[in-house]
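Take the sequence shown: its letters are residues 0 to 611, numbered as in numbering that gives the first Met the number 0.
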Amino acid sequence: MQRFISALEKKSLKIKLFLAIGYGLLIMLFVGFNAMSNIKTLSDQTNTLYKNYLLGVSHLKEAGIELAHIKGSFSDFISTDNALRKKAQQDIERAISAVQEEIIISRELMILESDKKLVADFEVAFGKYQRHIEQANTLDRAQAIALLSTTSLTEALTTADTLLTTLIQNKETQAFNAAQSLNNARKSNQKLSLWLMFLALILAVLSGILIGRSITQPIKNLQNAIEELAAGNLDIAIPHTAYQNEVGAIARAFVVLQSECQHMATQRWIKESYANISIELHQINNFPEFAQKFISTLCPLMSSGYGVFYAFQDEKLHFLGGYGCVNQAHIHQTLSLGEGLVGQCALERKPVMLNGLPDNYIVIRSGVGEAPAQHLMVCPILHIDRLVGVIEIASFKAFTEAQNALLEALMPTVAMSMEILENHIQTHSLLEETRQQAERMAAQTVLLEEQTVELGAQQAELKETENWFRGIVESSPDGMLVVDTAGIIVLCNKRTEAIFGYEVGELLWQNVDQLVPQNIDHPKMRAKFMAEGYARTGDKIYLEGAVRGLRKDGSIFPVEIGLSRLPNAKHKAFICVSVRDITLQKQNEQVLHKARQIAEEGAQLKSDFLAN
């Protein structure tokens, strides 16, 4: 039965509806056929009743009626009226013929042998009676009356009438019995029809229940599975996925939905785990605690009972933290690139996975027992392409896709967090140095404030000295300038501006080269003076002879220049230049020179004259 129900559940809804409708129609056809069969049986029995009994009774009664007509025509048959007698003869002949016809028909409808014998006896008696009537037709009235009045005729007629009455009674009794039998058959058929209808109804209900259950039960199973799925049980097995019907199609659609829900749940788990680990790691400010916190949080998520964390520093892998380590003394505290699986993973920058580990490879131990790990994963921690660490974890069972995806998502974040932590540590160190420097600077500030007060006094004194020096420069009869090593005039007196034809203040911050004719390489001469000549402060040199000055109007005039290097100020060297216009002196020298030449020429002429 269960196999039948299971097979029925696998059928399509169309087939189930077809079976339900077809089964209902089949039951209706069966009940209808049975009803039609019963109706046909009753009809046949009714026809039999009619033909064999009722029709026989009818014909016998018709024969009785005709026999009565014969009796009634006797008075006219012996009448003196010939016409009336002739009519009576005709009526008797017709009645006799009718009786014979009815008896012939009735004989064919007789079933019982006793009835057939009665019919034969009736025919004998009626034949005797008929012969008397035929004989009477040949006699005159008196003879006919005498013949008809004989005992033999009366006995024949009485016998025929008695036999006919007996036949009619027998037929009526048979008809009544047949009717009773027909009625009983009708009741039996009716009862049978009711039982068949009841049975058909029960079968229809049972088939409806079976077909309905084959439809509702898979749907109910799917509903329960969907409710479990909605409650968060994403690993529940969806039933009826193998059914090649509408329920199977819905089940397979829910399998797709389940897969999507599992994918979303996996992504949600990855994101939540990722966020929790990221938050916890951001609150740590040293590498050992960082490594221990990360490996301790990661291993439970990876269903791992063993894990170690190595940081890559100074071209070495250094052990910083572990989880579930059976004997930490056996763990390598430092590894080189390419040394072991951890070193090889660090060297190649690629994850390493091993399955089916030997029993003595890694042991995972708890308080109640221990067992060897079966699966191992070594994963590098990379920030862009730079190696910052390696983790090694082991488990009893293979790592799932979700766990691998979580690990893949975490590695860049862990690497970035390590970079941030390293920067934080460096920043903290720099801040500590800055704090110490700030303390030193604060102490220096106090010292500088004291020095500032002292410098203020010195500056006031220098200002006074500067004003005094400016007074001397301004009161000098010669032009006075102060220039820096680049030749910029930083100070000049009014006498200088007057010598060179400039307005007051016009020469300040101008280059001294504009006071020298262009054919003189003054920058070279100034550089040579600064490099070679009179390096000691206070030394002075006077330039005479071909030294020329250039006025603002472009005229060139002879000058006498005095150069003196001043003490350095603000890490700069300055030159004090004294300028004197010797135009008048040169003119006087020329006059004297000319007078001397004239005197010499006169003396020469005198000598020549005296000699001659």
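Just so you know, even glycine gets a beta-carbon here, dropped at the ideal spot from N, CA and C.
Open item on the list: Taking its Cβ as the centre, do 16 or more other Cβ atoms sit within 10 Å of H592, making it buried, or is it exposed?
Closed with: The sequence position of residue 592 within the sequence shown is 593, counting from 1. Label assigned to H592: exposed.
TODO: Alpha carbon to alpha carbon, how far is L480 from T495? Give it in angstroms, no decimals.
DONE: Position 496 of the sequence shown holds residue 495. Position 481 of the sequence shown holds residue 480. Roughly 7 Å separates the two Cα atoms.
TODO: In the DSSP assignment, find the beta strand (DSSP E) that holds K571 and state where it starts and stops.
DONE: The count along the sequence shown starts at 1 and reaches residue 571 at position 572. That run of the beta strand (DSSP E) goes K571 to D580.
Open item on the list: What does the Cβ neighbour count give for A310, buried or exposed, with the cut at 16 atoms within 10 Å?
Closed with: Along the sequence shown, read from residue 1 onward, the residue named residue 310 stands at position 311. Residue environment for A310: buried (at least 16 other C-beta atoms within 10 angstroms of its C-beta).
- [ ] Flag this pair as touching only if the region 469–487 and the region 574–588 have three or more C-beta atom pairs under 8 Å; answer yes or no.
- [x] Look at the beta carbons and you see the region 469–487 touching the region 574–588: at least three pairs across the two are nearer than 8 Å.
Task: From F573, G553, F556 and I555, residue whose alpha carbon lies closest to that of L562 - done: What you label residue 562 is simply residue 563 of the sequence shown in a count that begins at 1. Here the closest residue by C-alpha is F573.
Task: Inter-residue spacing [alpha-carbon to alpha-carbon] between Y533 and L604 - done: Taking the first residue of the sequence shown as position 1, residue 533 is located at position 534. Taking the first residue of the sequence shown as position 1, residue 604 is located at position 605. Only weak support is given to the placement of Y533: the predicted model assigns it a pLDDT of 48, under 50, and the value that follows is read from those uncertain coordinates. Those two C-alpha atoms are separated by around 50 Å.
Task: For L200 and N188, the rounded distance between their alpha carbons - done: Position 189 of the sequence shown, counted from the first residue, corresponds to residue 188. Position 201 of the sequence shown, counted from the first residue, corresponds to residue 200. Looking at the two C-alpha atoms, the distance is approximately 18 Å.
Open item on the list: Going residue by residue through the region 283–331, where are the continuous alpha helix (DSSP H) segments of at least 4 residues, counting only ones entirely within it?
Closed with: Entirely contained in the region 283–331, the alpha helix (DSSP H) runs reaching 4 residues are, in chain order, 286–300.
Task: Distance between R385 and L429 (C-alpha atoms, nearest Å) - done: Your numbering for residue 429 matches position 430 in the sequence shown. Your numbering for residue 385 matches position 386 in the sequence shown. Our two residues, L429 and R385, have alpha carbons roughly 24 Å apart in a direct line.
Task: Pairwise C-alpha distance: Q261 and L228 - done: Locating residue 228 in the sequence shown gives position 229, where the first residue counts as 1. Locating residue 261 in the sequence shown gives position 262, where the first residue counts as 1. Cα-Cα distance, rounded: 10 Å.
- [ ] Can you say whether Y322 is buried or exposed, counting buried as having 16 or more other CB atoms within 10 angstroms of its CB?
- [x] Mapped onto the sequence shown, residue 322 falls at position 323. The residue in question, Y322, is buried, as its Cβ has 16 or more Cβ neighbours within 10 Å.
Task: Span separating the alpha-carbon of L613 from that of V452 - done: Nothing about residue 613 can be reported from this structure: the residues present for the chain run from 0 to 611 only.
- [ ] Quick one: grab the DSSP three-state call for D512.
- [x] For the purposes of this step, residue 512 is taken as residue 513 along the sequence shown, with counting starting at 1. Note: D512 maps to helix in three-state DSSP.
Open item on the list: Restricting to Cα atoms, I'd like to know which of A397, E100 and L316 is closest to E122.
Closed with: Your numbering for residue 122 matches position 123 in the sequence shown. Taking E122 as reference, the option from A397, E100 and L316 with the minimal CA-CA separation is E100.
- [ ] Spatial neighbours of R535 within its chain, please: CB distance less than 6 Å, with the 5 preceding and 5 following residues excluded, ordered by chain position.
- [x] Here residue 535 is taken as the residue at index 536 of the sequence shown, counted from 1. Interpretation of R535 is limited by its pLDDT of 42, a score under 50 that renders its predicted location unreliable; no figure is taken from the coordinates.
- [ ] Determine the burial state of G537: buried for a count of at least 16 other Cβ atoms within 10 Å of its Cβ, exposed for fewer.
- [x] Taking the sequence shown and counting its residues from 1, the one referred to as residue 537 is at position 538. Model confidence at G537 stands at a pLDDT of 46, short of 50, so the residue's coordinates are unreliable; what they give is reported in the following sentence. Classified as exposed, G537 has fewer than 16 neighbouring CB atoms from the shown chains inside 10 Å of its CB.
Open item on the list: For L386, report the span of its beta strand (DSSP E) as first-last.
Closed with: As a first step, residue 386 is located in the sequence shown; it is residue number 387 there, counting from the start. R385 to S394 is the extent of the beta strand (DSSP E) around L386.
- [ ] Mind the definition here: the region 484–501 touches the region 544–561 only if three or more C-beta pairs lie below 8 Å; say whether that holds.
- [x] Judged by Cβ distances under 8 Å, the region 484–501 makes contact with the region 544–561, as three or more pairs qualify.
- [ ] Just mark M109 as buried or exposed, buried being the case when its beta carbon has 16 or more other beta carbons within 10 Å.
- [x] What you label residue 109 is simply residue 110 of the sequence shown in a count that begins at 1. Counting C-beta atoms within 10 angstroms of its own C-beta, M109 has 16 or more neighbours from the protein chains shown and is therefore classed as buried.
Task: I278 beta carbon less than 8 Å from that of A404 - done: Along the sequence shown, one-based indexing puts residue 404 at 405. Along the sequence shown, one-based indexing puts residue 278 at 279. Annotated as distal: A404 and I278, with beta-carbon spacing of 8 Å or more.
- [ ] Using 10 angstroms around the beta-carbon of P299, count the other beta-carbons present and answer buried if the total reaches 16, otherwise exposed.
- [x] The residue labelled residue 299 in the question sits at position 300 within the sequence shown. Its Cβ having fewer than 16 others within 10 Å, P299 is exposed.
TODO: Classify G337 as helix, strand or coil using the three-state DSSP reduction.
DONE: As a working mapping, residue 337 is identified with position 338 in the sequence shown. Correct three-state label for G337: coil.
- [ ] Please confirm whether M410 and C378 have their CB atoms less than 8 Å apart.
- [x] As a first step, residue 410 must be located in the sequence shown, where it is residue number 411. As a first step, residue 378 must be located in the sequence shown, where it is residue number 379. It is a contact, given that the beta carbons lie within the stated cut-off.
Task: Distance between Q179 and L162 (C-alpha atoms, nearest Å) - done: Locating residue 162 in the sequence shown gives position 163, where the first residue counts as 1. Locating residue 179 in the sequence shown gives position 180, where the first residue counts as 1. L162 and Q179 have their C-alpha atoms roughly 25 Å apart.
TODO: Reducing DSSP to helix, strand and coil, say where I249 ends up.
DONE: For the purposes of this step, residue 249 is taken as residue 250 along the sequence shown, with counting starting at 1. Correct three-state label for I249: helix.
Task: Where the beta strand (DSSP E) through R364 begins and ends - done: On the sequence shown, position 365 is the one that residue 364 refers to. Here the beta strand (DSSP E) through R364 covers V362 to R364.
- [ ] Rank I225, K292, R564 and L221 by C-alpha distance to the C-alpha of H239 and give the top, closest one.
- [x] Here residue 239 corresponds to residue number 240 of the sequence shown, with the count starting at 1. Ranking the options by Cα distance to H239, first place goes to L221.
Open item on the list: So within the region 426–501, which uninterrupted beta strand (DSSP E) runs reach at least 3 residues, ignoring any that extend past its ends?
Closed with: Taken in chain order, the unbroken stretches of beta strand (DSSP E) that lie wholly in the region 426–501 and span 3 residues or more are 478–483 and 488–491.
- [ ] Out of C575, K523, V558 and I560, state which residue places its alpha-carbon closest to the alpha-carbon of P566.
- [x] For the purposes of this step, residue 566 is taken as residue 567 along the sequence shown, with counting starting at 1. Here the closest residue by C-alpha is C575.
Task: Contacts around R348, its chain only, beta-carbon distance under 7 Å, and the 5 residues preceding and following it disregarded - done: Here residue 348 is taken as the residue at index 349 of the sequence shown, counted from 1. Same-chain partners within the cutoff: P379, L381 and L386.
- [ ] Please report how far the alpha carbon of L490 lies from the alpha carbon of D512, in whole angstroms.
- [x] The residue you call residue 490 lines up with position 491 of the sequence shown. The residue you call residue 512 lines up with position 513 of the sequence shown. Computed Cα separation, rounded: 15 Å.
TODO: Report the residue from F528, H58, M440 and L353 whose alpha carbon sits nearest the alpha carbon of I167.
DONE: The sequence position of residue 167 within the sequence shown is 168, counting from 1. For I167, the closest alpha carbon among the candidates F528, H58, M440 and L353 is that of H58.
Task: Cβ-based neighbour list, G211, same chain, cut-off 8 Å, excluding 5 preceding and 5 following - done: Reading the sequence shown from its first residue, position 212 is the one you call residue 211. Correct list: empty, nothing qualifies.
- [ ] Using the Cα positions of S394 and S303, report the straight-line distance between them to the nearest angstrom.
- [x] Taking the first residue of the sequence shown as 1, we reach residue 394 at position 395. Taking the first residue of the sequence shown as 1, we reach residue 303 at position 304. So the alpha carbons of these two residues sit roughly 4 Å apart.
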